[in-house]
Structure formats: C-alpha cells, structure tokens
C-alpha cells in the first residue's frame, strides 16, 4: 500500500533520512521505533509531502507522491495525526472534527456517487455522512461528545490527543499515520488510545505508528522497523523484535 | 450633552472607516503574523482611483439616480483594484519570503509602502488633477453626498446623509465579512489556517490559496474604505495612507491583533477617543492621547481588548 524505496530527505544542509526502505501493506499495523532524532518524524513528514525526498520514491497504492502537493495527499486516503496533536485551539471540538471532513464536498462532487446529485441532495448526503461519522467518533471517545462545544485549546492533553485521532478519522483514511500518540499522557489514556487504534485497524484502517513507547507499540503492531540516525537498522515481525536481545537492550529498557 | 452626543457620532463615523482598514491588517496578521505596512498606502491608492473615476465620469454633474448607481459601482471597482493589488504584492514580494525570518517580509512591506506612496505622488501629478507641479498637493473630492441634517436643520444634533452613508455601508461590509468568515468553507479554511497552518494542510486545505484569498479580502476592504473615505472627508492625498494606516493598525493592536471583531472595536474606540479629545482637550493632543492609551492598554492587557492568548496545553 505504502512504499518508501531508497528515500533520502532532510532540511537544508542536514540530511536526516539516509536511503530508507519501508513498506506498509494493506490491513497491517506497522510501527516505527527508535530514539529521539532517529528520523521517525521526518519519515512521516516525507510521506505527507511536507518534506520532499531528495532521492528515492514514496508511492501510495502505486502512485508516486513526488508531484502531489501536501494538501492533496489527504484526498488519496492518507492522513497523519501529528506529534503534539496540532488541534485548532480556538475552534470548538465539533468544528475541529468537521475540519477533518473538509475535503469531502469536492470529493463527493467528483465521485460517481455525487455526480448526478443536485445542490440540496448533495448537502443532505454530506450532512448525513457527517452525522454518521461524528457518531462513530463520539462512540469511541464519549468525552468528546460531552465537550463538543468547548474550544479545543481548553481540553486536557489526553482529550486533545483523542480529538486529534478523531479528526484524522473524519478524513476516512485508508492509511493512518500516528506520530507519538502516547507522548506525555497518563497510562490509562494511552491504553484507551491504543485500544482505539486496534479497533480502527480491525475495521480496515491500515496504520503506521511512530512511538517512543516501543513495548506498547510492538505489542500492538504486526511488524516493526527500528531506526537509528536516519537509517533502518532492523525490520521483522513485531513479536520477533520484541524478543530480540538488541531491541530489548536498547529500547525496552531491560 | 449635545456636544458629547455630537462628538460620539463623529467618533463612530470615523471609527467605521478605520475599522475597514484595520480589518485588512488584522486578517493578514492573523494568518501570516505579518504586519503589512503597505496596507494604509493601498488604501490611499484606492482613494486616488475613486477620485479618478469620479472625475472621468464627471459625476458632479450627474443626477442623484445616476449617483445611486455609480457610487456603488465605484466601490466595487476600488474593491477589485485593492484586492488585486494586495494579492499581487503577496505573490511578488511576501510569498518568496514565506520561509525567511519574519523580519524579511516586514522590511519588504515598508519598502512596498514607499513604492505605493510614490505611485500616489505620480498619480497626483497626472494632467487630470491639474499641473504636475502640484502632484503632492491635497486633491479635493467633489461633494457628491449631501451634508444636510437628517434631523432637520433646526435640530441641535447633526446626523447627515454622509454620516449615514458611512455607517450603513461599513456595517453592510462588516456583516458580509462576518458571514464569510463564520459560515463559508473559505472562512473555515481561513480560521483553521490562522490557528495552525500545518494541521490545516494535513486536513487538505490549500494554505497558499487561503493566504491569497486573505490578501484579496483585506485589499478589497481597504478599497471600499477608500471610496467611503473620499466621499466623507472630501480630500485625497498621497500621504493619507500613512496616518490613517497608523490609526487603523493601532486599532487592530488595541482590539487584539489577529482578532476580527477586535479590529472593529479598537477602531470605534480610537474614533471616539479622538473625537472627544479634539473637543475637550485640543486637536493637537489627539495622537498623544491615542497612542498613550495604546501603551497603557498594552501594559495591562498585552493581548489587546479581545485578543486572547489561549495557552495551548502540551
């Protein structure tokens, strides 16, 4: 589904990624672990088109992403839930979630479903789809329903992370990229978020998960990649990595 | 009592014009954190276009029915002019500096401001306005809107057709802006981009287009303001953008820069304070009082009247 082949990328004179290869197949949860500064976030930014690869290719469902502008990538069914949440602080919870559905109107207009629809019918369909998907998010994160009228910036860190995941869900992604969803959160909330990731995956969403919390990530994922200073140094089944002495030593604190 | 009421009317009317200019400052700041110093001079060029059109179509001799049609048309023309010019400046000057340090576009904006002032000077020297030697002189705008008191000439209080024109047209424009920002897709995209451009892009918003649209809208508002101003104050001058721009910018800061209702509130406060000051303290004290008030406010409320520093939790 997603393929990185020999991708190098960086900022200015600094090369962060050095010819990395990575693949995510449809239906999988793949995790990318590694220390701070290993290049995990840069990998996600390169996939999303914020950083352009200097060499190599990023393809999504066979399509080369080199020429796709960053704001078009979400329309292909690929969305990132960024590190540090990046919610819209002065929009309400509901408006934040609706931003996740921002591209739907023109997508529906172009799709075979929407082609024949008139203005009123189109708006009706958008509205009912939106209500249905909002209900789905609220079912997974009931606290967001209680806070729907509150400004995003007033939520707690855990609630903001739920909002960020909910907002990403509203884009109806085929592939969800998650950057450090557990960062700075209480264990109970991390567990809640990881449960939701598992649920989403069972419902057919493919996941690429970047995590500092390597143990939890490897337990959840099917496969894993280990990154060190811009290179992929190991890749295997998650259970194999979990048992690997070097991984245990370096990332699991044993 | 009547003097006070009269000064309030004057203050609100002036404040409305400042508000239309202040909106352009605050919207661009909200989205780019750029103080577009050329904005006041864009407003000035708009007023030159308005006067040019008034002269070219010989409106002083036109019937009131013709005026009723011609003046809104001029307002639209100046709005298009202001929007197009502001958009072009962004494309040519600010956009290439998007990833440069914030100081670079700021200094460039000051440069654009000087270029605009010189364009205004050149425009004022065109044969249409008389001798080229008088390019820097103030140009009179014919009185097209009547100055009769709507309350009857004997009344103590004066509210003229002109005052009404300023207030009604400004309010219409502001309501239109409010609807655009709150209830359209573009408005949603603008608010999201102002709050977090990276996240907006992840959600599929074309941030460059949103920025372009913001410049068009801000410039359009300045264009409309310039027509209202020309018809209200009845003069046009190549340096008029500097002073009015400075007051409008102060209004935007006073209200909370980046905050749209704040810009309108700040402008009304400044308009009223200026009017009261010139009545009760002396006109020469206006700038000192207005800027003194700004400094005091910023000491106690650094974010401005309506600005809020939402502390983002991490």
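Residue numbers (this note's numbering), protein chains in the order written: chain A, 1 to 254; chain B, 1 to 314. Backbone N, C-alpha and C fix where the C-beta goes; we use that ideal spot for every residue, glycine too.
**Asked** Are the beta-carbon atoms of residue 83/A and residue 55/A separated by less than 8 Å?
**Response** Position 83 of the first chain, counting from 1, holds the residue named residue 83/A. Position 55 of the first chain, counting from 1, holds the residue named residue 55/A. Annotated as distal: residue 83/A and residue 55/A, with beta-carbon spacing of 8 Å or more.
- Message: I need the straight-line Cα distance from residue 244/A to residue 20/A, nearest angstrom please.
- Response: Walking along the first chain from the start, residue 244/A turns up at place 244. Walking along the first chain from the start, residue 20/A turns up at place 20. If you draw a straight line from the Cα of residue 244/A to the Cα of residue 20/A, it is about 21 Å long.
- prompt: Mind pulling the chain B residues with CB within less than 8 Å of residue 238/A?
  reply: Residue 238/A sits at position 238 when you count from the first residue of the first chain. Contact annotation for residue 238/A against chain B: no contact, minimum CB-CB distance about 27 Å [criterion: below 8 Å].
| task | Out of 253/B, 138/B, 37/B, 72/B, point me to the one whose CA is closest to residue 145/B's CA. | result | Counting from one through the second chain, the residue named residue 145/B turns up at place 145. Answer by Cα proximity: 72/B.
(message) Just to confirm my understanding: we take residue 115/B, look at its own chain, exclude 5 residues before and 5 after, and list those with CB closer than 7 Å. What are they?
(response) One-based indexing of the second chain puts residue 115/B at position 115. In the same chain as residue 115/B, and ignoring 5 residues on each side of it, no C-beta atom comes closer than 7 Å to its own.
Could you tell me whether the Cβ atoms of residue 235/A and residue 224/A are closer together than 8 Å?
Numbered from 1 along the first chain, position 235 holds the residue referred to as residue 235/A. Numbered from 1 along the first chain, position 224 holds the residue referred to as residue 224/A. Contact flag set, yes.
Once the 5 residues before and after residue 70/B are set aside, which same chain residues still bring their CB inside 8 Å of it?
Residue numbering aside, residue 70/B sits at position 70 when the second chain is read from its first letter. Taken in chain order, the residues that qualify are 57, 59, 62.
- Per DSSP, what kind of secondary structure is residue 20/A in: helix, strand or coil? Start at 1 with the first residue of the first chain, and residue 20/A comes out as number 20. Of the three classes helix, strand and coil, the one that applies to residue 20/A here is strand, per DSSP.
(Q) In the DSSP assignment, the beta strand (DSSP E) including residue 5/A goes from what residue to what residue? (A) What you label residue 5/A is simply residue 5 of the first chain in a count that begins at 1. 2-11 is the extent of the beta strand (DSSP E) around residue 5/A.
(message) For a test of the three-state rule: what should DSSP assign to residue 60/A, helix, strand or coil?
(response) The residue given as residue 60/A occupies position 60 in the first chain. Three-state result, residue 60/A: strand.
### Task
Give the residues of chain E in contact with residue 213/B, contact being defined as C-beta atoms less than 9 Å apart.
Absence of chain E from the displayed structure is noted, the protein chains being A and B.
Closest by CA to residue 185/A, which one among 157/A, 132/A, 69/A? If you number the first chain from 1, residue 185/A lands on position 185. Out of 157/A, 132/A, 69/A, 157/A has the C-alpha closest to the C-alpha of residue 185/A.
Q | Selected residue, minimal CA-CA separation from residue 232/B, among 220/B, 1/B, 303/B, 16/B | A | Within the second chain, numbered from 1, the residue matching residue 232/B stands at position 232. Of the listed residues, the one whose Cα sits closest to residue 232/B is 16/B.
Helix or strand or just coil, what does DSSP make of residue 81/A? Along the first chain, read from residue 1 onward, the residue named residue 81/A stands at position 81. Per DSSP, reduced to three states, the secondary structure at residue 81/A is strand.
Whose Cβ in chain A lies nearer than 7 Å to the Cβ of residue 205/B? The residue given as residue 205/B occupies position 205 in the second chain. Correct list: 71, 102.
Beta-carbon neighbours of residue 216/A, restricted to chain B and to distances below 8 Å
Position 216 of the first chain, counted from the first residue, corresponds to residue 216/A. Counting only Cβ-Cβ distances below 8 Å, residue 216/A has no contacts in chain B at all, with the closest Cβ about 20 Å away.
Which of the three DSSP states, helix, strand or coil, is assigned to residue 211/A?
-> On the first chain, position 211 is the one that residue 211/A refers to. Residue 211/A sits in a strand when the DSSP states are folded into three classes.
Counting Cβ pairs, one atom from each stretch, are 3 or more of them under 8 Å apart for the segment 253-267 of chain B and the segment 20-30 of chain B?
Inter-segment contact for the segment 253-267 of chain B and the segment 20-30 of chain B is present: three or more beta-carbon pairs are separated by less than 8 Å.
For a contact defined as C-beta to C-beta under 8 Å, what are the partners of residue 196/B on chain A? Residue mapping note: residue 196/B aligns to position 196 of the second chain, counting from 1. 86, 87, 88, 89, listed in chain order.
Next item on the list: Flag residue 212/A as yes if its beta-carbon sits less than 8 Å from any beta-carbon of chain B, otherwise no.
Entry: Along the first chain, read from residue 1 onward, the residue named residue 212/A stands at position 212. The Cβ of residue 212/A sits no closer than 8 Å to any Cβ of chain B.
Assuming residue 46/B contacts residue 78/B (C-beta within less than 8 Å), just tell me the rounded distance between them. As a position in the second chain, residue 46/B is number 46, starting the count at 1. As a position in the second chain, residue 78/B is number 78, starting the count at 1. Right, their Cβ atoms sit about 5 Å apart.
In chain A, which residues lie with their C-beta within 8 Å of the C-beta of residue 177/B? On the second chain, position 177 is the one that residue 177/B refers to. Result: empty, since nearest Cβ-Cβ is about 18 Å, beyond 8 Å.
- Out of 105/A, 130/A, 132/A, point me to the one whose CA is closest to residue 119/A's CA. Stepping through the first chain from its first residue, residue 119/A is reached at position 119. Comparing Cα positions, the closest option is 105/A.
By Cβ distance below 8 Å, which residues in the same chain neighbour residue 228/A in space, the five residues on each side in sequence not counted?
In the first chain, residue 228/A corresponds to position 228, counting from 1. Same-chain partners within the cutoff: 34, 35, 38.
Proximal residues to residue 177/A (C-beta, below 6 Å), its chain only, five neighbours per side dropped:
Here residue 177/A refers to the residue found at position 177 when the first chain is read from its first residue. Beyond the five residues adjoining it in sequence on each side, residue 177/A comes within less than 6 Å, by CB distance, of 44, 80, 208 in the same chain, given in chain order.
Problem - 8 Å CB neighbourhood of residue 250/B in its chain, flanking five on each side removed - result: Your numbering for residue 250/B matches position 250 in the second chain. Excluding its 5 nearest sequence neighbours in each direction, residue 250/B has C-beta neighbours in its own chain below 8 Å: 266, 270, 290, 291, 294, listed in chain order.
Practice prompt. Look up residue 134/B in the DSSP assignment and say whether it is helix, strand or coil.
Written response: Mapped onto the second chain, residue 134/B falls at position 134. Reduced to three states, the DSSP call for residue 134/B is helix.
My output table needs one value for residue 34/A: the three-state DSSP class, helix, strand or coil. Locating residue 34/A in the first chain gives position 34, counting from the first residue. Reduced to three states, the DSSP call for residue 34/A is strand.
| task | Using a threshold of 8 Å, state whether the C-beta atoms of residue 170/A and residue 97/A are closer than that. | result | The residue labelled residue 170/A in the question sits at position 170 within the first chain. The residue labelled residue 97/A in the question sits at position 97 within the first chain. A Cβ-Cβ contact shorter than 8 Å links residue 170/A with residue 97/A.
query: Could one say the Cβ of residue 83/A lies closer than 8 Å to chain B's Cβ atoms, at least one of them?
result: Sequence index remark: in the first chain, residue 83/A carries index 83 (1-based). For residue 83/A, the answer is no, since every Cβ of chain B falls outside 8 Å of its Cβ.
| query | Taking the alpha-carbon positions, what's the residue 72/A to residue 12/B distance? | reply | As a working note, residue 72/A is residue 72 in the first chain. As a working note, residue 12/B is residue 12 in the second chain. Near 45 Å, if we compare the C-alpha coordinates of residue 12/B and residue 72/A.
### Query
What's the gap between the Cα of residue 312/B and the Cα of residue 124/A?
Here the question's residue 312/B lines up with position 312 in the second chain. Here the question's residue 124/A lines up with position 124 in the first chain. Residue placement at residue 312/B is poorly supported in this model, since its pLDDT is 40, which falls under 50; the coordinates still yield a value, given next. Approximately 35 Å between the Cα atoms of the pair.
- Identify the contact partners of residue 150/A in chain B, using a Cβ-Cβ distance below 9 Å as the criterion. To locate residue 150/A, count along the first chain from 1; it is residue 150. Residue 150/A does not reach chain B, its nearest Cβ partner there being about 12 Å away, counting only Cβ pairs nearer than 9 Å.
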